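To keep things clear, I will list the structure first and then write my remarks on it.
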Amino acid sequence: MKKAIIVFLLLIVTSLAFSVPAYPGEIALSQPDGTILTVRVIGDEFAHVTLYNGFPIIKNVDTGWWEYAVFDEIGKLIPSGSKAGIDALPELFEISTVYDYLSAVERPQYVACAPTSGVLKFPVILVNFSDTTPTYTPDDIEPVFTGDSNSVKSYYLEVSGGEDTLKLEFVVVGWYTVSATHGYYGEDDAHCWELVREAVQLADNDDFDFSQFDNDGDGYVDSIIVIHQGEGQELSGDPYDIWSHSGDIWPYLYLDGVYIKHYTIQPETVGGKLLTIGVACHELGHVFGLPDLYDTDYSSDGIGLWGLMAAGAWNGIHRAADSPAHMCAWSKKELGWVTVGSLNGFNGHELLSPVETNFEVLMFENADRPAGEEYFLLENRQLLGYDAALPGAGLLIYHIDEDAYQTNDLHRRVDVEEADDDNALDTYGGDNGSAGDPFPGTSANIEFGPGTSPSSTFYDGTSKLSVENITVNGLDIEFDVRTGVVLKAPLPYVIYGESNTLVYEFISEIVSYNLISQDATIIDCTLAPDRLSLDVQVLSPDHPFELTLEATDGTGESEVLTQRFLPFIYLIVHDGVSENHLITVKELNWDEVEYEAPDGTWNGDAPLYWKWIDSLPVEVFGHQLEE
């Protein structure tokens, strides 16, 4: 069954890219006899179900009844004949198959289609079906995109930092009526690209100039924005409504000297009234290159209501999606809309103003991994501007691992560190974000460090970050930061039989230190005049050993650092003819898991490696070696 589900889903997503998640709240559906079903839609464009009391239902288009759904032989949900809320559940139904269905498809990688700065123009094409009539006029829809407030334009002005960073312009055209019915284009969204192609060609027939929308001069229109008549399936649950998404048409069109490839599509109405801005803002996020930050296998809520690229697209004050959340700190960093202040090597007091006026986020990196790979991000979120509909306010802390997937609940790419430590975001259908998630928040949690819950430990178990005394001062958040005393420790490799100089660097002036080793011989220790570094000369034994440094700075902050050092010996022999030398390195009594070649250019096997070199010195494990 699961293999069939995968085959079916692959058939319907070949031309699609990314989509908005389902509306996270409950919606009401009506049966033909007036019975009201309170349901929840879960999933996205790629895989989704409508649940009534936890069981999938689907509309039978022949009868108009919502029926309990079952899977057919290719893994497609079909009506069972049993009316939801009226008849008994189908026999032998297994709810677990729903979650197999949701998680079966691997979503495609995102690709940016538009620049993230400057003045950008996008076409907005209004499309009607052959059997429908629009509710709203172009004059009604245009302010949703171009208005000075409560619009897509004003949203992006606020989150990007203003016109000096990004200014969006939209040209609205239509309505154009396409050749087929609402049901033809809507069923499984298999024909959406046909709808977009036809809409573009109708606009072109109307002498609409597409060349003005190639914002970066690469020969492609950055994206077509299509508004279709009626509702989107992400809110209605109706399988014959189109689920809002972004994707590519195929084959591409070539009009007015430019190629037309990428599009976004969203509905005319949200909940029966004029569309709100959240879905359109989310889909434009994909145009700028952002991935979805909800959990696309639906085992968790991802970042929930805290970001536009997850359920935050649906945040609303008066109506769903009328006040979408700001992009989270990671998204803004990816787009270059914030500066990044480093906390590595910093001890002191910090103040963060709200993201509406402050375009700096704070970062603390894992120094043991490549730069920019794993880190924490800090930002101040308040109930202001488009963040007015957030579930709470305070200091939000994210744990980022650029090497991870958003579907890994224990090791997510972008993870919110929930201050109340209830891990509700780690369960799909939890609270989707609560006032307990920020610091101090409703849990009054004022500390985030190695020994707290949640903790500041990296995925390798290490951490030196402590954020303490987190307080709210008006709309600002203030806190103290401690990142230890040692700024940089020496590399853990030493040469046997030679005096090795190990250099410790400190964040600020140290007033005292103590160095202990049971195996190595400490020849000398020299503290620099500025007291910001310590040179330690050691003689290594023929086996690994430990050095423990305890250092205290002028504020009384102390750090105890224990390192394991690995000895090696080497031999360099000239070939006697040319400038070439043979260098051999032997690692002395390292544990089996510690053995490694100095780099990928060496020959041999642990513990002995060799290679030819044509010049000296040569760097080996951080040491410059001469003959």
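Letter by letter, the sequence shown follows residues -19 to -1, 1 to 608 of mature numbering (1 follows the signal peptide of the UniProt record, and there is no 0).
Using N, Cα and C, we set each Cβ at its ideal position, and we do this for glycine too.
Computed from a predicted model, the values in this text were never measured in an experiment.
message: Tell me the DSSP secondary structure of Asn347 in three-state form.
response: Stepping through the sequence shown from its first residue, residue 347 is reached at position 366. In this structure, DSSP gives Asn347 a state outside helix and strand, which the three-state scheme calls coil.
Exercise. To the nearest angstrom, how far is it from the Cα of His604 to the Cα of Leu563?
Worked result: Start at 1 with the first residue of the sequence shown, and residue 604 comes out as number 623. Start at 1 with the first residue of the sequence shown, and residue 563 comes out as number 582. Looking at the two C-alpha atoms, the distance is approximately 17 Å.
- Query: Taking just the CA atoms, how far does Gly211 sit from Tyr166?
  - Reply: The count along the sequence shown starts at 1 and reaches residue 166 at position 185. The count along the sequence shown starts at 1 and reaches residue 211 at position 230. Using only the alpha carbons, I get a separation of about 12 Å.
When DSSP labels each residue in this structure, what does Gly293 get in the three-state scheme? Your numbering for residue 293 matches position 312 in the sequence shown. Three-state DSSP puts Gly293 in a helix.
For Thr388, which of Gly238, Ile284 and Glu538 has the nearest alpha-carbon?
Looking up residue 388 in the sequence shown gives position 407. Ranking the options by Cα distance to Thr388, first place goes to Ile284.
Simplified DSSP assignment, three categories, for Arg178: Here residue 178 refers to the residue found at position 197 when the sequence shown is read from its first residue. In this structure, DSSP gives Arg178 a helical state, which the three-state scheme calls helix.
Open item on the list: Please report the distance separating the alpha-carbon of residue 609 from that of His226.
Closed with: Limits of the chain in this structure are -19 at one end and 608 at the other, which puts residue 609 out of reach.
| query | How about the segment 373 to 383 and the segment 414 to 426: do they share at least three Cβ pairs that are nearer than 8 Å? | reply | The answer is yes - the segment 414 to 426 touches the segment 373 to 383, with three or more Cβ pairs under 8 Å.
- prompt: Residues in its own chain within less than 7 Å of Ser281 by CB, not counting five upstream and five downstream?
  reply: Your numbering for residue 281 matches position 300 in the sequence shown. Result list for Ser281: Asp390, Leu406, Asp407, Thr408 and Tyr409, in chain order.
Margin query: If I measure Cβ to Cβ from Val599 and keep anything under 7 Å in the same chain, skipping five residues before and after, which residues do I get?
Written below: Residue mapping note: residue 599 aligns to position 618 of the sequence shown, counting from 1. Taking Val599 as the centre and dropping the five residues before and after it, the same chain places the C-beta of Ile564 and Leu606 closer than 7 Å to its C-beta, in chain order.
Q: Just the C-alpha distance for Glu560 and Ile553, rounded to the nearest angstrom, thanks.
A: In the sequence shown, residue 560 corresponds to position 579, counting from 1. In the sequence shown, residue 553 corresponds to position 572, counting from 1. Spanning the two alpha carbons is a distance of roughly 12 Å.
For Gly213 and Pro248, believed in contact at Cβ under 8 Å, the rounded distance
Your numbering for residue 248 matches position 267 in the sequence shown. Your numbering for residue 213 matches position 232 in the sequence shown. At roughly 4 Å, the Cβ-Cβ gap stays under 8 Å, so Pro248 and Gly213 are in contact.
With 16 other CB atoms within 10 Å as the buried threshold, where does Ala69 fall? Residue numbering aside, residue 69 sits at position 88 when the sequence shown is read from its first letter. Classification of Ala69: exposed, given that the 10 Å Cβ count is below 16.
Check: Quick one: is Thr250 buried, meaning 16 or more other Cβ sit within 10 Å of its Cβ, or exposed?
Finding: For the purposes of this step, residue 250 is identified with residue 269 of the sequence shown, where counting begins at 1. It is buried - the Cβ of Thr250 has at least 16 other Cβ atoms within 10 Å.
Q. Does the beta-carbon of Leu589 have 16 or more other beta-carbons within 10 angstroms, so that it is buried, or is it exposed?
A. Mapped onto the sequence shown, residue 589 falls at position 608. With fewer than 16 other beta carbons inside 10 angstroms of its own, Leu589 counts as exposed.
Q) Where does Val453 sit, in a helix, a strand or coil, going by DSSP? A) Taking the sequence shown and counting its residues from 1, one reaches residue 453 at position 472. If DSSP states are grouped into helix, strand and coil, Val453 belongs with the strands.
Worksheet item: If you draw a straight line from the alpha carbon of Glu179 to that of Leu286, how long is it in whole angstroms?
Response: On the sequence shown, position 198 is the one that residue 179 refers to. On the sequence shown, position 305 is the one that residue 286 refers to. Answer to the nearest angstrom: the Cα atoms are 35 Å apart.
- Leaving aside the five residues before and after Val492 along the sequence, list all residues of the same chain whose C-beta is less than 7 Å from its C-beta, in chain order. The residue given as residue 492 occupies position 511 in the sequence shown. Only Thr533, Asp534 and Gly535 meet the Cβ criterion.
Work out the CA separation of Asp556 and Ile594 for me, nearest whole Å.
-> Translated into the one-based positions of the sequence shown, residue 594 becomes position 613. Translated into the one-based positions of the sequence shown, residue 556 becomes position 575. Looking at the two C-alpha atoms, the distance is approximately 10 Å.
Anyone know if the C-beta pair for Ala301 and Tyr275 falls short of 8 Å? If you number the sequence shown from 1, residue 301 lands on position 320. If you number the sequence shown from 1, residue 275 lands on position 294. In this structure, Ala301 sits away from Tyr275, with a CB-CB distance that is not shorter than 8 Å.
Figure out for me which residue from Glu139, Gly66 and Glu54 has the closest Cα to the Cα of Ile38.
The sequence position of residue 38 within the sequence shown is 57, counting from 1. Here the closest residue by C-alpha is Gly66.
task: With DSSP collapsed to three states, give me the class of Trp287.
output: As a first step, residue 287 must be located in the sequence shown, where it is residue number 306. Residue state, collapsed to three classes: helix.
Exercise. When DSSP labels each residue in this structure, what does Glu600 get in the three-state scheme?
Worked result: Along the sequence shown, read from residue 1 onward, the residue named residue 600 stands at position 619. Residue state, collapsed to three classes: strand.
message = I'd like the span of the alpha helix (DSSP H) that includes Gln214, first residue to last.
response = As a first step, residue 214 is located in the sequence shown; it is residue number 233 there, counting from the start. According to the DSSP assignment, Gln214 belongs to the alpha helix (DSSP H) that extends over Gln214 to Ser217.
Ordered along the chain, which non-local residues of its own chain (more than five positions away) have a Cβ less than 6 Å from that of Ile458?
Indexing the sequence shown from 1 puts residue 458 at position 477. Leu333, Asn361 and Leu376, listed in sequence order.
**Prompt:** Alpha carbon to alpha carbon, how far is Val239 from Phe189?
**Reply:** Within the sequence shown, residue 239 is the residue found at index 258, counting from 1. Within the sequence shown, residue 189 is the residue found at index 208, counting from 1. Between Val239 and Phe189, the C-alpha separation is close to 13 Å.
Problem - For Trp583, the residue or residues it bridges with in DSSP - result: Here residue 583 is taken as the residue at index 602 of the sequence shown, counted from 1. According to DSSP, which records beta bridges pairwise, Trp583 is partnered with nothing at all.
*Contact set for Ser444: own chain, Cβ-Cβ below 6 Å, skip 5 residues either direction*: Counting from one through the sequence shown, the residue named residue 444 turns up at place 463. Excluding residues within five positions, the ones whose Cβ falls inside 6 Å are Pro431, Ser437 and Thr438.
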